[in-house]
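>
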Amino acid sequence: MTSKSERHETKSQEKWHGPGGLGFATRAIHHGFDRREFSDAGQPPVFLTSTYGFESVEANEAAAALGGKLYGREHNPTTEILEARLANLEGAEAGLVVASGMAAFGALTLSLLSQGDELIVHKTLYVNTVTMVEQGLPRFGIKVVPVDLSNPANLDAAITERTRLVYFETPVNPLSAILDIAAIAERAHARGVKVAVDSTFASPAVQRPIEHGADIVLHSLTKYINGHGDTLGGALLGNAETLHTLHETGLRYITGAAISPLSSFLILRGLKTLTLRMERHSLSALTVARALEVHPAVAWVSYPFLESHPGHAIARKQMSNGSGMLAFGLHAGYEGARSMMNRLGLITRAVSLGDADSLICHPASLIRARQPIRKDAHLVEGVGDDLIRLSVGLEDAEDIIADLRQALEEL
Ligand SMILES: *Cc1c(COP(=O)(O)O)cnc(C)c1O
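If you read the sequence shown in my numbering, its first letter stands for residue 11, the second for the next number, and so on.
(1) Cβ-heavy atom distance between residue 234 and ligand 1 below 7 Å?
(2) When you compare only the Cα positions, how much space is there between residue 400 and residue 32?
(3) Is residue 183 near ligand 1, in the sense that its beta carbon is under 7 Å from a heavy atom of that ligand?
(4) Could you tell me if the beta carbon of residue 111 falls within a distance shorter than 7 Å of some heavy atom in ligand 1?
(5) Answer yes or no: do residue 340 and residue 350 have a C-beta to C-beta separation smaller than 8 Å?
(6) What span of residues does the alpha helix (DSSP H) with residue 280 cover, start to end?
(7) Quick one: is residue 145 near chain B, going by C-beta distance under 8 Å?
(8) Determine the direct distance from the alpha carbon of residue 416 to that of residue 297, and round the result to whole angstroms.
(9) Taking C-alpha atoms, which residue in 120, 279, 53 lies nearest to residue 266?
(10) Look at the Cβ atom of residue 94, then the Cβ atom of residue 151, and state whether they are nearer than 8 Å.
(11) What separation, rounded to the nearest whole angstrom, lies between the Cα atoms of residue 363 and residue 72?
(12) Is it right to say residue 130 is buried, meaning 16 or more other beta carbons lie within 10 angstroms of its own, or is it exposed?
(13) Looking at residue 332 and residue 396, is the spacing between their C-beta atoms short of 8 Å?
(14) If distances are taken between C-alpha atoms only, which option among 177, 302, 369 comes closest to residue 338?
(15) Do residue 312 and residue 185 have their C-beta atoms closer together than 8 Å?
(16) What did DSSP end up calling residue 359 once you bin it into helix, strand or coil?
(17) Per DSSP, what are the beta-bridge partners of residue 156 in this structure?
(18) Can you determine whether any heavy atom of ligand 1 sits closer than 7 Å to the C-beta of residue 179, and answer yes or no?
(19) Taking just the CA atoms, how far does residue 188 sit from residue 74?
(20) Quick check on the burial criterion: 16 or more other C-beta atoms within 10 angstroms. Buried or exposed for residue 272?
(21) Looking at the secondary structure, which residues open and close the alpha helix (DSSP H) in which residue 99 lies?
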């Protein structure tokens with residue numbers, strides 16, 4: 011992984027590396043792809059193969075012994091370009107790309123934690139991560155300890171000698187609350203505990219947790235990094251040793267959740283415009299957040315780069331921009347959210363986020379709909395039944411605001 015990306019640094023590329031190295035946008039377009047290795051193709055080829063042939067039995071044995079290319083679950087050239095590029099963008103030594111964000115969380119926890127170990131999580135998490143930590147991990151004897159990490163000092167009492175990992179999102183899905191990566195990492199490291207951050211809501215164009223002390227970064231590539239709503243993917247980024255374990259254990263035989271090389275190709279294509287997209291998502295989301303904040307029907311708005319956000323100062327410290335995610339509630343509460351949602355014309359009513367298209371969802375309605383089939387379905391801690399989550403897309407901000415305004419009339 012690291013060695014691979016180093017091998018890609020050819021002489022002619024090196025001369026462009028000034029003292030500060032290449033900029034983020036340049037690396038998002040070029041890093042890790044040497045076209046001379048691929049018939050001078052302008053874009054990375056999609057390697058649709060499940061296995062690799064060998065010159066001889068000895069070469070086959072050498073590949074098996076040295077972790078060379080043997081089989082498509084563990085190795086794919088298209089995916090390896092994406093891994094090298096994402097690791098570079100996050101400032102990590104190595105990366106692993108898998109089939110979805112949840113596949114990444116499964117590979118992470120089931121590779122690094124064992125029976126009797128303890129995992130500390132922030133009390134609010136992405137809804138399926140909550141199900142995994144409440145119902146999945148305890149079945150394997152892993153104890154999960156939810157803590158309110160908005161006060162990092164709460165970690166001190168929660169860490170025991172069995173604690174192996176602290177895991178949280180920032181911004182937190184779905185409220186866009188902000189947690190202080192540096193403060194949490196400092197307290198965890200003081201007790202010898204590693205920190206993993208789900209940075210899906212920000213993307214590396216806006217926030218790079220490793221620069222603030224995190225050990226591992228998780229992404230749902232389905233969201234901003236791909237950015238076009240046309241594939242699923244997940245990634246883990248961190249040091250070479252940990253990533254080797256995640257690859258050789260988590261992907262190879264625990265989850266087996268390999269990504270399709272075609273998805274890796276699409277995500278590499280999406281990455282090329284990540285920098286531009288995040289600037290526009292952020293600018294439009296701030297504009298939308300400000301418009302909602304002064305609307306008489308709106309009770310509250312949560313957006314990290316609004317001055318009214320409780321985590322505003324921390325957000326300014328660890329994020330270069332506000333990203334495109336915001337949450338809000340209406341004075342008309344749960345019923346108001348439902349009728350507003352039904353009146354929208356441009357913004358798509360859908361789960362997921364980070365697409366070019368604006369997407370909106372109302373978690374409380376989804377939970378109520380699910381309860382007849384899953385009795386234990388419940389709103390995640392810290393999420394009210396009035397909360398509406400909006401992923402501000404790349405349409406003209408005025409059109410997004412106009413759609414919201416007409417839907418809020420008479421509320
Ligand atoms: C969507 C999401 C995930 C899960 O990713 P998938 O690609 O849908 O499996 C994990 N964390 C956060 C914060 C998410 O928004």
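Positions of the beta carbon are idealized from the N, C-alpha and C atoms, including for glycine.
Let's see:
(1) Taking the sequence shown and counting its residues from 1, one reaches residue 234 at position 224. Residue 234: no, Cβ never under 7 Å from ligand 1.
(2) Taking the first residue of the sequence shown as position 1, residue 400 is located at position 390. Taking the first residue of the sequence shown as position 1, residue 32 is located at position 22. So the alpha carbons of these two residues sit roughly 34 Å apart.
(3) For this step, residue 183 is matched to residue 173 along the sequence shown. Yes, since a heavy atom of ligand 1 falls inside the 7 Å radius drawn around the Cβ of residue 183.
(4) As a first step, residue 111 must be located in the sequence shown, where it is residue number 101. Indeed, a heavy atom of ligand 1 lies less than 7 Å from the Cβ.
(5) Here residue 340 corresponds to residue number 330 of the sequence shown, with the count starting at 1. Here residue 350 corresponds to residue number 340 of the sequence shown, with the count starting at 1. Yes, Cβ-Cβ distance for residue 340 and residue 350 is below 8 Å.
(6) Counting from one through the sequence shown, the residue named residue 280 turns up at place 270. Secondary structure note for residue 280: its alpha helix (DSSP H) is the uninterrupted segment 271-281.
(7) Among the chains in the structure shown there is no chain B, since it carries only a single protein chain.
(8) Residue numbering aside, residue 297 sits at position 287 when the sequence shown is read from its first letter. Residue numbering aside, residue 416 sits at position 406 when the sequence shown is read from its first letter. Answer to the nearest angstrom: the Cα atoms are 17 Å apart.
(9) The residue given as residue 266 occupies position 256 in the sequence shown. It is 120.
(10) Against the sequence shown, residue 94 aligns to sequence position 84. Against the sequence shown, residue 151 aligns to sequence position 141. Their beta carbons are not under 8 Å apart, which means residue 94 does not touch residue 151 by this criterion.
(11) Within the sequence shown, numbered from 1, the residue matching residue 363 stands at position 353. Within the sequence shown, numbered from 1, the residue matching residue 72 stands at position 62. Taking the straight line from one Cα to the other gives about 43 Å.
(12) In the sequence shown, counting from the first residue as 1, residue 130 sits at position 120. It is buried - the Cβ of residue 130 has at least 16 other Cβ atoms within 10 Å.
(13) For this step, residue 396 is matched to residue 386 along the sequence shown. For this step, residue 332 is matched to residue 322 along the sequence shown. Their beta carbons are not under 8 Å apart, which means residue 396 does not touch residue 332 by this criterion.
(14) Looking up residue 338 in the sequence shown gives position 328. Ranking 177, 302, 369 by Cα distance to residue 338 puts 302 first.
(15) Along the sequence shown, one-based indexing puts residue 312 at 302. Along the sequence shown, one-based indexing puts residue 185 at 175. Taking 8 Å as the Cβ cut-off, residue 312 and residue 185 qualify as a contacting pair.
(16) Sequence index remark: in the sequence shown, residue 359 carries index 349 (1-based). Strand, per DSSP.
(17) Position 146 of the sequence shown, counting from 1, holds the residue named residue 156. For residue 156, which the question treats as bridged, DSSP gives the partners 131.
(18) Here residue 179 is taken as the residue at index 169 of the sequence shown, counted from 1. At least one heavy atom of ligand 1 is nearer than 7 Å to the Cβ of residue 179, so yes.
(19) Counting from 1 along the sequence shown, the entry for residue 74 is found at position 64. Counting from 1 along the sequence shown, the entry for residue 188 is found at position 178. Answer to the nearest angstrom: the Cα atoms are 44 Å apart.
(20) Position 262 of the sequence shown, counted from the first residue, corresponds to residue 272. Under this definition residue 272 is an exposed residue.
(21) The residue given as residue 99 occupies position 89 in the sequence shown. Residues 87-100.
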